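Chemist: Numbering (this note's numbering), first residue to last: 131 to 488. Each residue gets a CB set at the ideal place from its N, CA and C atoms; glycine is no exception. Remember, predicted model here, so these are calculated numbers, not experimental data. Let me give you the structure first, and then I'll get to my questions.
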Amino acid sequence: MFVGLMSGTSLDGVDAVLFDGRAVRGHVHRAFPHALRDELLALNSPGDNELHRAALAANGVACSYADVVAQLLEATGHRREQITALGAHGQTVRHRPDGPLGYTTQLLNGALLAEQTGIDVICDLRSRDVAAGGQGAPLVPAFHRAFFGSNQQDVAVLNLGGIANLSLLFADGHTGGFDTGPANCLMDGWIARHRGLAFDADGAWAASGQVLPALLERLLAEPFFAATPPKSTGRDLFHLDWLDARLPPDAAPADVQATLLELTARSIAEALGSQMPSAATLITCGGGARNGRLMQRLADLLPSVTLESSADHGLPVDQVEAAAFAWLAQCFHEKRPGNLPAVTGAAGLRLLGCLYPA
Numbered sequence: 131m132f133v134g135l136m137s138g139t140s141l142d143g144v145d146a147v148l149f150d151g152r153a154v155r156g157h158v159h160r161a162f163p164h165a166l167r168d169e170l171l172a173l174n175s176p177g178d179n180e181l182h183r184a185a186l187a188a189n190g191v192a193c194s195y196a197d198v199v200a201q202l203l204e205a206t207g208h209r210r211e212q213i214t215a216l217g218a219h220g221q222t223v224r225h226r227p228d229g230p231l232g233y234t235t236q237l238l239n240g241a242l243l244a245e246q247t248g249i250d251v252i253c254d255l256r257s258r259d260v261a262a263g264g265q266g267a268p269l270v271p272a273f274h275r276a277f278f279g280s281n282q283q284d285v286a287v288l289n290l291g292g293i294a295n296l297s298l299l300f301a302d303g304h305t306g307g308f309d310t311g312p313a314n315c316l317m318d319g320w321i322a323r324h325r326g327l328a329f330d331a332d333g334a335w336a337a338s339g340q341v342l343p344a345l346l347e348r349l350l351a352e353p354f355f356a357a358t359p360p361k362s363t364g365r366d367l368f369h370l371d372w373l374d375a376r377l378p379p380d381a382a383p384a385d386v387q388a389t390l391l392e393l394t395a396r397s398i399a400e401a402l403g404s405q406m407p408s409a410a411t412l413i414t415c416g417g418g419a420r421n422g423r424l425m426q427r428l429a430d431l432l433p434s435v436t437l438e439s440s441a442d443h444g445l446p447v448d449q450v451e452a453a454a455f456a457w458l459a460q461c462f463h464e465k466r467p468g469n470l471p472a473v474t475g476a477a478g479l480r481l482l483g484c485l486y487p488a
């Protein structure tokens, strides 16, 4: 039995799942304390006394993870002795994998988490792939292949967190995957700035505005969208300063939100069309899968593709990534590689993660 712990680019908190190797047997979500969330967001950009603040934030993430593990075990009636290991992602604050000195940084004090839970902790799951020349992301396509793959049709899986990523599960067994660009991070940041809300529920604010075609084209001109996979991205590129530099001075906030939603939908549709034009089904997961306006735009832009939810396949949309990191912890425990070089660009298969024993 493994526990998967995931806190993603959206910074909405921690998802924890209990995973038995075949299915999720329990799930708990806990929001980050406001002060910790604000600090994690701030640490995505350089600042004063950054190393000290990052170390304290890593401790805070470990404590939040430990709390949610305790809640999960209580909710499922399991003891810590029944858990083989925790697969703990940590909180990404830098992701710059390109070049000979590429790196990726997820804040988490794995030693502290092991001390507080009394359970083996497997973390730092991206760095080995980057060291082997890969992007370190996305890591979920191998898991998606195991759980959603079909030998009857080409299936794509779309995770809509802060950043959107596609897994391409070809019927012949070949697997691809890459980040397509922003999913929720820009929309969440924009509505927080203008309306004080954490996210645009069901895309209602975006639906009240009009897409600004000239702004949309300026945003889509970002070279990342035209780059060929392997590729990955994060808040290092897509942040509100990036958006502000491209905004016309008189843009109405609701129209900008509508344009940001269209940016997400268009970049995904164009990426899927170029990399898997044969896709028959698109399985959606992540928080953005609950955005009805975004789902409608994807359906409009992909008329020949059937959109389904991961929940239709037995995994609720907010449990998929945490389950993937539990699965990666199981791979580490069983000495099986967790990366796919065809996805990340790494030099070969690698055992991912490092272990902090209980």
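I need the straight-line Cα distance from HIS324 to ASP250, nearest angstrom please.
Modeler: Those two C-alpha atoms are separated by around 43 angstroms.
Chemist: Provide the residue span of the beta strand (DSSP E) that contains PRO467, from first to last.
Modeler: It is not in any beta strand (DSSP E) - PRO467 carries neither H nor E in the DSSP assignment.
Chemist: Measure from the alpha carbon of LEU316 to the alpha carbon of each residue in ALA472, ASP371 and GLN426, then state which is nearest.
Modeler: Considering only alpha carbons, the answer is ASP371.
Chemist: Taking DSSP as the reference, what is the three-state secondary structure of PHE462?
Modeler: Helix at PHE462.
Chemist: Within 10 angstroms of its Cβ, does GLU180 collect 16 or more other Cβ (buried), or is it exposed?
Modeler: So GLU180 ends up on the exposed side.
Chemist: If distances are taken between C-alpha atoms only, which option among ALA410, MET425 and ASP366 comes closest to ALA395?
Modeler: Among ALA410, MET425 and ASP366, the Cα nearest to that of ALA395 belongs to MET425.
Chemist: State the start and end residues of the unbroken beta strand (DSSP E) segment that holds MET136.
Modeler: Residues 132-136.
Chemist: Cα separation between GLY366 and LEU243?
Modeler: The identity of residue 366 in the sequence shown is Asp, whereas the question assumes Gly. Roughly 27 angstroms between the two C-alpha positions.
Chemist: Taking the straight line between their C-alpha atoms, what separation do you get for ALA218 and PRO163?
Modeler: When rounded, the distance between both Cα atoms is 18 angstroms.
Chemist: Relative to the C-alpha of ALA241, which residue among GLY177, GLY220, GLY229 and ARG256 is closest?
Modeler: It is GLY220.
Chemist: With a CB to CB cut of under 8 angstroms and the five nearest residues on each side skipped, what residues in its chain are close to LEU482?
Modeler: Around LEU482: LEU255, ARG256, ARG258, ASP259, LEU269, LEU458, CYS461, PHE462, PRO467, GLY468 and ASN469.
Chemist: Report the rounded CA-to-CA distance for PRO359 versus LEU402, giving the unit in angstroms.
Modeler: Spanning the two alpha carbons is a distance of roughly 12 angstroms.
Chemist: Could you tell me whether the region 134-149 touches the region 284-300, where touching means 3 or more Cβ pairs closer than 8 angstroms?
Modeler: Enough Cβ pairs lie closer than 8 angstroms, so yes.
Chemist: Compute the Euclidean distance between the alpha carbons of LEU288 and ALA185, then round it to the nearest angstrom.
Modeler: Looking at the two C-alpha atoms, the distance is approximately 33 angstroms.
Chemist: For the candidate residues LEU373, VAL147, ALA334 and GLN282, whose alpha-carbon lies nearest to that of GLY418?
Modeler: Closest by alpha carbon: ALA334.
Chemist: Any heavy atom of the ligand GTP closer than 8 angstroms to the beta-carbon of LEU412?
Modeler: In terms of ligand content, the structure shown is empty, and the ligand GTP therefore cannot be addressed.
Chemist: Pairing CB atoms from the region 377-388 with CB atoms from the region 342-362, are three or more of them under 8 angstroms?
Modeler: Yes, the region 377-388 touches the region 342-362.
Chemist: When the Cβ atoms of the region 403-412 are set against those of the region 278-286, are three or more pairs found closer than 8 angstroms?
Modeler: Contact between the region 403-412 and the region 278-286 is present, because at least three Cβ pairs lie under 8 angstroms.
Chemist: VAL144 bridges to which residues according to DSSP?
Modeler: BP columns for VAL144 point to ARG160.
Chemist: Rounded to whole angstroms, what's the CA-CA distance from GLY266 to THR474? Just pull it up for me.
Modeler: Using only the alpha carbons, I get a separation of about 6 angstroms.
Chemist: From the DSSP output, which residues share a beta bridge with ASP309?
Modeler: Answer by DSSP bridge pairing, in chain order: ASN295.
Chemist: Assuming PHE149 and ALA488 make a contact with CB atoms under 8 angstroms, what is their CB distance in whole Å?
Modeler: 18 angstroms between Cβ atoms; not a contact.
Chemist: Which one or two residues does DSSP pair with GLN236 in a beta bridge?
Modeler: Its beta-bridge partners are THR222.
Chemist: Under 6 angstroms Cβ to Cβ from LEU428, same chain only, skipping five residues before and after it: list those, please.
Modeler: Excluding positions up to five away in sequence, the list reads ALA395.
Chemist: Quickly, what does DSSP pair VAL287 with across the bridge? List them, please.
Modeler: Its beta-bridge partners are SER297 and ILE413.
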